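>
Protein chains: 2
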Amino acid sequence: MVTRLVTDRFSRQQRLGVYRAIHERRDVRSHFIAKPLPEDVLARILDAAHHAPSVGLMQPWEFIVVTDRRVRQRVRQQFTAANRRAAALYAGRRRRLYDSLKLQGIVESAANVCVTCNPTATRGHGLGRQTMTDTAVCSTVCAIQNCWLAARAEGVGVGWVSIIDPKALHQILAIPQHIVVVGYLCLGYVTKFRRRPELEAKGWERRVPLARTLHFDRYGTIDGARARALGRLGKAAGDEGGRG
Amino acid sequence: MVTRLVTDRFSRQQRLGVYRAIHERRDVRSHFIAKPLPEDVLARILDAAHHAPSVGLMQPWEFIVVTDRRVRQRVRQQFTAANRRAAALYAGRRRRLYDSLKLQGIVESAANVCVTCNPTATRGHGLGRQTMTDTAVCSTVCAIQNCWLAARAEGVGVGWVSIIDPKALHQILAIPQHIVVVGYLCLGYVTKFRRRPELEAKGWERRVPLARTLHFDRYGTIDGARARALGRLGKAAGDEGGRG
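Note that the protein sequences, when read in sequence, are chains A and B. Take the first sequence: its letters are residues 1 to 244, numbered as in this note's numbering. Take the second sequence: its letters are residues 1001 to 1244, numbered as in this note's numbering.
1. Are the beta-carbon atoms belonging to B:Arg1129 and B:Gly1017 less than 8 Å from one another?
2. Thinking C-alpha only, which one of B:Ala1237, B:Phe1010, B:Ser1109 is nearest B:Ile1033?
3. Name the DSSP beta bridge partners of A:Gly261, please?
4. Checking 8 Å against the spacing of the C-beta atoms, do B:Ala1174 and A:Gly220 come in under that value?
5. Just the chain A side, please: which residues come within less than 7 Å of B:Gln1077 by C-beta, in chain order?
6. Do B:Gly1105 and B:Arg1029 have their CB atoms nearer than 8 Å?
7. For A:Leu230, which three-state DSSP category applies?
8. Drop a sphere of 10 angstroms on the beta-carbon of B:Pro1166, count the other beta-carbons inside from all chains shown, and report buried for 16 or more, exposed for fewer.
9. Just to confirm the assignment, what range does the beta strand (DSSP E) spanning A:Glu62 have?
10. Find the residues of chain A that neighbour B:Ser1030, judging by a C-beta separation of less than 9 Å, and give them in chain order.
11. Our contact map puts B:Gln1073 next to B:Ala1168 with C-beta atoms below 8 Å; I'd like the distance itself, whole angstroms only.
12. Are any of the Cβ atoms in chain A nearer than 8 Å to that of B:Arg1095?
13. Would you say A:Gly105 reaches chain B, if we count a Cβ-Cβ gap shorter than 8 Å as a contact?
14. Excluding the five sequence neighbours on either side, which residues of its own chain have a C-beta within less than 8 Å of the C-beta of B:Gln1013, listed in chain order?
15. Hey, out of A:Ile222, A:Asp217, A:Asp223, A:Val208, whose CA is closest to A:Lys235's CA?
16. Between A:Asn146 and chain D, is the shortest Cβ-Cβ distance under 8 Å, so that the two count as touching?
17. Name the chain B residues that come within less than 7 Å of A:Thr135, Cβ to Cβ?
18. Could you name the residues of chain B that A:Gln267 contacts, counting a contact when the two beta carbons are closer than 8 Å?
19. For A:Thr213, is the classification buried or exposed, using 16 other Cβ atoms within 10 angstroms of its Cβ as the cut-off for buried?
20. Compare the C-alpha of A:Phe10 against each of B:Leu1199, B:Arg1226, B:Leu1149 and name the closest.
21. Is the separation between the beta-carbon of A:Ala48 and that of A:Arg152 shorter than 8 Å?
22. What residues of chain A sit near B:Ile1179, judged by a beta carbon separation below 9 Å?
23. What first and last residue would you give for the alpha helix (DSSP H) that runs through B:Phe1079?
24. Hey, could you find the ends of the alpha helix (DSSP H) A:Ala48 is sitting in?
25. Rounded to a whole number of angstroms, what is the C-alpha to C-alpha distance between A:His31 and A:Val190?
26. Report the three-state DSSP secondary structure of B:Val1018 (helix, strand or coil).
27. Give me the Cα-Cα distance between A:Ala225 and A:Ile45, rounded to the nearest whole angstrom.
28. Measuring CB atoms only, is the segment 1107-1125 of chain B touching the segment 1058-1067 of chain B, in the sense that at least three cross pairs come out at less than 8 Å?
29. State the DSSP-derived secondary structure class of B:Leu1214, mapped to helix, strand or coil.
30. Please report the straight-line C-alpha distance between A:Asp8 and A:Pro176, rounded to a whole angstrom.
31. Alpha carbons only, please: which of B:Val1180, B:Thr1131, B:Ser1100, B:Cys1142 is nearest the one belonging to A:Arg26?
32. Report yes if the C-beta distance between B:Val1075 and B:Ile1163 is below 8 Å; otherwise report no.
33. Between A:Leu210 and A:Leu230, which are expected to be in contact by the criterion C-beta below 8 Å, what is the C-beta distance as a whole number of angstroms?
34. At least one CB of chain A closer than 8 Å to the CB of B:Arg1196: is that the case?
35. Along chain B, in chain order, which residues have C-beta atoms closer than 7 Å to that of A:Thr120?
36. Starting from the C-beta of B:Pro1197, find all residues in its chain whose C-beta is less than 8 Å away, skip the five residues before and the five after it, and write them out in chain order.
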């Protein structure tokens, strides 16, 4: 028997597009411009999110597209309150660094999208949800990452705001109690995509080499030579496909 | 002042590549072939995962690359036990349908990757983790989705096995208690990528139209006309960019 491989291969440029999106995606807070998002661009980005994998084909996500300026101002107020509490946890140089970071673009971006998950939905008939119970939320996070990558391909920046009390979002956006807020995103055209993550460029944290994250067959079984070789091979692809 | 837009745009083929990966990605269980994954392909896929967004640039993920056949057989035994318990929840036609599904390719795929998360790590200095506490796990799920999309661009299928007791994985793979198992993935070349998700093709669940997932400014505020228009615009892009 001859085993046929799939013939619907990606062209070199298509493959490069996938790696570019992955490597050039940034968590955008600072470079939004006022230009509105055309409906077809927004539609493609939301449709990309909607084509995420989901446990049992449950598709537990929903998207609240927020453009109303008053609603966004209320959300930003809640960010400001949560950020003040978060800043108080740092002191000295780390505090000054924290205070220098811009951590949201809620009002100046073109649109916000609150991504929610209904873990109580019966869609999917429970398949795959008995042993790993937070898989509905995981599916919804996959939708967010699809959104992020499609947006990058469209030249649209996305920032994920996690410094906000989910309860406040429930109230402002009238989200029922049984619905989980998974992510609050700011979307819009940008003046630039940073070459490196802002938190790296500003010295908040350094990136770990891939090799340091790899184990083989069992946790703690480190094969330094193989890990470093994989790290080098991966980096070579990143240098070709992206920039950061 | 003239606002410059970013010039590092994606070409049409690069953008198409991103949408193809998103629309043609499948949860693969049935079509793996024996061909091994070359190290450079594995490296690019892992490096793509490693370039996921992470809260505070925490990069809380680790990857256990499992190729040892005996280890994988033990994992499959645990799947079989969990799947027997899961199957017992269904009856009649639904049970027969469940039993007809192949839900893992643990041993016959080229490699397994167990993706873990260390939510106790101090990397990232807690930034963004005060109000939304499971953001470390969310970052790790973004890494899994990057892996899935990069694999599709490489012609490599990925299946996420969630029908397994995480405690069993902790034991088999010697994972410390404080490390969270987020996903157990099977990776390998395939004979084909299905046009539609298997669960849809076999009648387990139908897909929801994008329009049904959209709210505007507040949860429950449905704008049927705008939602349907966004759904149509999104679908047109999907029909061009992908197939399923």
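Glycine is no exception: its CB is placed at the ideal position from the N, C-alpha and C atoms. Quantities reported herein were computed from a predicted structural model and do not represent experimental measurements.
With the structure as the only source:
1. Your numbering for residue 1129 of chain B matches position 129 in the second sequence. Your numbering for residue 1017 of chain B matches position 17 in the second sequence. Contact: no.
2. Against the second sequence, residue 1033 of chain B aligns to sequence position 33. Here the closest residue by C-alpha is B:Ser1109.
3. Because residue 261 of chain A is not part of the residues shown, which for chain A are 1 to 244, the question remains open.
4. Looking up residue 1174 of chain B in the second sequence gives position 174. Looking up residue 220 of chain A in the first sequence gives position 220. Contact flag set, yes.
5. Position 77 of the second sequence, counted from the start, is the residue given in the question as residue 1077 of chain B. Going along chain A, no residue has its Cβ under 7 Å from B:Gln1077, so there is no contact; the nearest lies around 14 Å.
6. Here the question's residue 1105 of chain B lines up with position 105 in the second sequence. Here the question's residue 1029 of chain B lines up with position 29 in the second sequence. Their beta carbons are under 8 Å apart, which means B:Gly1105 touches B:Arg1029 by this criterion.
7. The residue given as residue 230 of chain A occupies position 230 in the first sequence. Here A:Leu230 sits in helix by DSSP.
8. Within the second sequence, the letter at position 166 stands for residue 1166 of chain B. When all chains shown are included, B:Pro1166 counts as buried.
9. Residue 62 of chain A sits at position 62 when you count from the first residue of the first sequence. Its beta strand (DSSP E) spans residues 61-66.
10. The residue labelled residue 1030 of chain B in the question sits at position 30 within the second sequence. Near B:Ser1030 there are no residues of chain A at all, since even the closest Cβ is about 13 Å away, more than 9 Å.
11. Counted from its first residue, the second sequence places residue 1073 of chain B at position 73. Counted from its first residue, the second sequence places residue 1168 of chain B at position 168. With a Cβ gap of about 13 Å, B:Gln1073 and B:Ala1168 do not count as contacting.
12. Within the second sequence, numbered from 1, the residue matching residue 1095 of chain B stands at position 95. Answer no: the Cβ-Cβ gap between B:Arg1095 and chain A never drops below 8 Å.
13. Here residue 105 of chain A corresponds to residue number 105 of the first sequence, with the count starting at 1. Judged by the 8 Å Cβ criterion, A:Gly105 is not in contact with chain B.
14. Mapped onto the second sequence, residue 1013 of chain B falls at position 13. For B:Gln1013, where only same-chain residues beyond five positions count, there are no Cβ hits under 8 Å.
15. Within the first sequence, residue 235 of chain A is the residue found at index 235, counting from 1. A:Lys235 has its Cα closest to that of A:Val208, out of A:Ile222, A:Asp217, A:Asp223, A:Val208.
16. Of the protein chains in this structure, namely A and B, none is chain D.
17. For the purposes of this step, residue 135 of chain A is taken as the residue at position 135 of the first sequence. By Cβ distance, chain B contributes Ser1162.
18. No answer is possible for residue 267 of chain A: it lies beyond the span of chain A, which begins at 1 and ends at 244.
19. As a first step, residue 213 of chain A is located in the first sequence; it is residue number 213 there, counting from the start. Result: buried.
20. As a working mapping, residue 10 of chain A is identified with position 10 in the first sequence. When only C-alpha atoms are compared, the closest one is B:Leu1149.
21. Residue 48 of chain A sits at position 48 when you count from the first residue of the first sequence. Residue 152 of chain A sits at position 152 when you count from the first residue of the first sequence. Cβ atoms of A:Ala48 and A:Arg152: not closer than 8 Å.
22. Translated into the one-based positions of the second sequence, residue 1179 of chain B becomes position 179. Simply Tyr219.
23. Here residue 1079 of chain B refers to the residue found at position 79 of the second sequence. Unbroken alpha helix (DSSP H) run through B:Phe1079: 1069-1087.
24. The residue labelled residue 48 of chain A in the question sits at position 48 within the first sequence. 39-50 is the span of the alpha helix (DSSP H), which, as asked, contains A:Ala48.
25. Translated into the one-based positions of the first sequence, residue 31 of chain A becomes position 31. Translated into the one-based positions of the first sequence, residue 190 of chain A becomes position 190. Their Cα atoms are separated by approximately 5 Å.
26. Within the second sequence, the letter at position 18 stands for residue 1018 of chain B. DSSP places B:Val1018 in helix when its eight states are reduced to three.
27. Translated into positions along the first sequence, residue 225 of chain A becomes position 225. Translated into positions along the first sequence, residue 45 of chain A becomes position 45. C-alpha separation (whole angstroms): 40 Å.
28. yes
29. On the second sequence, position 214 is the one that residue 1214 of chain B refers to. If DSSP states are grouped into helix, strand and coil, B:Leu1214 belongs with the strands.
30. In the first sequence, the residue the question calls residue 8 of chain A occupies position 8. In the first sequence, the residue the question calls residue 176 of chain A occupies position 176. Rounded to whole angstroms, A:Asp8 to A:Pro176 spans 43 Å at the Cα level.
31. The residue you call residue 26 of chain A lines up with position 26 of the first sequence. Residue B:Cys1142 is the option with its Cα nearest to A:Arg26.
32. Within the second sequence, the letter at position 75 stands for residue 1075 of chain B. Within the second sequence, the letter at position 163 stands for residue 1163 of chain B. For B:Val1075 and B:Ile1163, no; Cβs fall outside 8 Å.
33. Numbered from 1 along the first sequence, position 210 holds the residue referred to as residue 210 of chain A. Numbered from 1 along the first sequence, position 230 holds the residue referred to as residue 230 of chain A. Contact flag correct, Cβ pair sits at about 7 Å.
34. To locate residue 1196 of chain B, count along the second sequence from 1; it is residue 196. Closer than 8 Å: no.
35. Within the first sequence, residue 120 of chain A is the residue found at index 120, counting from 1. The contacting residues do not exist; A:Thr120 stays about 15 Å from chain B at best.
36. Your numbering for residue 1197 of chain B matches position 197 in the second sequence. Around B:Pro1197: Arg1026, Asp1027, Arg1207, Gly1244.
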